[in-house]
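Remarks on the structure that follows.
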Amino acid sequence: MNKIQLKLLVGILLTIGLSVFCYKVFVLGFPLVPSEKTSAWNVEAHVAFDGENSPVKVVLQTLNRVSGFAVTDEFFIGAGYGRQRVSQRVTDKKLTNDAYDQNSVVIWSKRNADGKQDLIYSAVLRPESGDKLPKWSPPQQIPELRDPQFTDAETVAADALLSKIGKESADMESFVPLLMQTLKHPESDSNAAYLLRDATGSRGVVNVAVRLLHLSGIAAQSVHGITLGTSSDARISHWLELYQDDSWHMFDVAKGVFSTPVNFVPWWRGDAPLAQLTGGSNLQVSLSVVPDAIDAMKNVVDRISATHPTFFDYSLFSLPVQAQATYRVILLIPIGAILLVFLRNVIGFSTFGTFMPVLIALSFRETQLLWGLSLFSIVIILGLGVRLYLEHLKLLLVPRLACVLISVVLLMAGISIVCFKLGIPRGVSVSLFPMVILSMTIERISVMWDELGAGKAIQQAVGSMAVAVLAYLVMTNSYIEHLFFVFPELFLVLLGLTVLMGRYTGYRLLDLIRFRTFIRG
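Residue numbers (this note's numbering): 87 to 607.
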């Protein structure tokens, strides 16, 4: 009867777990593997300034037509402000009013603004070609040479500067870097210093360079944008788009070389600033670009929340983001425990404690494997020395364990201090080890050393560390983490298999190998 109940229980667990798993994969469309690359970026511009108890107007460049990206989920936040979205032609006031391309701006306005003011623009950038970042593509419109509208004095200085650089260069590939180098260091040339007398920052240098390039016969325009990456802080980088010999060329102003932008998103073109303020002071604009790490699941989750609200409300995805991150770690502990069951009951590994290797493996996630093994071994060896000394004092069990625990805490604190002073930051992470588990492990090794000898104690200690290493490798696998977080019903399958291992693994693999070796010997 017990066998029938066991088989029935295992069958129910496997059926429920696999049925829910197949339903979520084939019907709801949950992915089986985690997304290796982010597929969306949350872009935010925070505008801050001081109001002066007067009417105020703020003009901010916004993301508009970004080649290869879709700009979605745009939000304009400003308490008490009126808002107007305007598409502007890129007009360089120093050239002409003809357009190169089209920018998009938002205009915030308020009748009376006083004190600290905050405005926020946010949007989501999504690549149109899946997870791959699109490469830079040249503008559709070919710019024409325009009158830079220099004054007479500026024209004389510009001609002298261009003549000097022209003699020192052979073609456009050498002319443009020399020009930009001179403009970025105008103290070495009085003509460049005069042309840059009213320019501020990198954008001002780029605008003067565009006018000089047009005067020299090279059609060019400035483009300002951000670089998508893993860092949350973003800065505007400036590039030059040059058109000559029926082809486009991109020049990196910061590095001073011709190159192709990588992960670069144009924000706006032309000589306009990122933000303009009228009626206030102390204008500051901070940018942030945050990759959406769970965007591969976002479409599925959003669809499930709309079409199957009950199913979504009782899933892990309904929890707050911080709680989800916590459960991504918690759900790894049963996986390590099941691996421990397999290694002990099926393979035949000997370990100290039931779940000690799993908890140590969990600590290795923070310390990293090699540092974790080294620190763990040091604490165990030093703790054994303390334990052997306490043996001579003939203490009772509970006081002895308390003394070992206190010694372990002091050893961990001492190791952290020494490592910190030696400039080894990883050594501080020894505090992540479970102190009680370490104390019990030291006690068990000592007792086994006395009862069965040093060889047996060392063998079991090595087995415990081997299981901890294997558990660490499994618990740090991103595919396993994704699989069991998205499909927690698979734990029912593992539960059924664990029940079977607990009932039908009377002979362990290593024991059989040892027995056969003994018979042959």
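Glycine included, every Cβ here is placed at the ideal spot set by N, Cα and C.
- Taking 7 Å as the cut-off, the beta carbon of Phe573 is found closer than this to the beta carbon of Phe107.
- Comparing C-alpha distances from Thr440 to each of Glu230, Phe236, Leu95 and Leu425 shows the shortest one belongs to Leu425.
- Within the model, the alpha-carbon separation for Ile193 versus Arg169 is close to 6 Å.
- Per DSSP, the unbroken beta strand (DSSP E) holding Ser372 starts and ends at Gly366 to Pro377.
- Taking C-alpha positions only, Thr148 is separated from Ala239 by approximately 36 Å.
- For the set Val375, Arg283, Leu92 and Ile421, the Cα lying nearest the Cα of Ser208 is the one of Val375.
- Rounded to the nearest whole angstrom, the CA to CA distance from Arg451 to Glu537 is 34 Å.
- By the CB criterion at 7 Å, Val579 and Gly97 fall outside the cutoff.
- Check the Cα spacing between Pro117 and each of Leu405, Tyr565 and Gly588: the tightest is with Tyr565.
- Lys110 is classed as buried because its beta carbon has at least 16 other beta carbons within 10 Å across all chains shown.
- In this structure, the straight-line span from the alpha carbon of Glu254 to that of Ala306 is close to 21 Å.
- Assigned with DSSP and collapsed to three states, Tyr329 falls in strand.
- Taking every protein chain shown into account, the CB of Gln203 has 16 or more other CB atoms within 10 angstroms, so this residue is buried.
- Within the model, the alpha-carbon separation for Val145 versus Asn189 is close to 12 Å.
- When beta bridges are read from the DSSP output, Glu138 appears opposite Asp200.
- Under the 8 Å Cβ criterion, the region 524 to 544 counts as touching the region 467 to 474, having at least three qualifying pairs.
- Here DSSP, grouped into helix, strand and coil, assigns Gly458 to helix.
- Counting along the chain, the unbroken beta strand (DSSP E) around His310 starts and ends at Ala305 to Thr313.
- Under the three-state reduction of DSSP output, Gln362 falls in the strand class.
- When beta bridges are read from the DSSP output, Phe337 appears opposite Leu326 and Phe344.
- Secondary structure note for Pro420: its alpha helix (DSSP H) is the uninterrupted segment Leu418 to Val427.
- Taking the C-beta atoms as reference points, Val339 is found no nearer than 7 Å to Val262.
- When beta bridges are read from the DSSP output, Glu130 appears opposite Ser208 and Ser374.
- When the five nearest sequence neighbours on each side are left out, the beta carbons in the same chain lying within less than 7 Å of the beta carbon of Thr562 are those of Arg451, in order along the chain.
- Phe350: member of the beta strand (DSSP E) spanning Phe350 to Arg355, first to last residue.
- With respect to Trp457, Leu314 sits apart: the two C-beta atoms are not nearer than 7 Å.
- The alpha-carbon of Arg212 is positioned some 32 Å away from that of Ile416.
- Residue burial annotation: Lys196 is buried, with at least 16 other C-beta atoms found within 10 angstroms of its C-beta.
- Its Cα nearest to that of Tyr329, the residue His300 stands out among Ile312, Ala547, His300 and Phe350.
- By a beta-carbon distance limit of 8 Å, Ser223 does not contact Gly365. Their separation comes to about 39 Å.
- Here Pro406 is exposed. Its C-beta has fewer than 16 other C-beta atoms within 10 Å.
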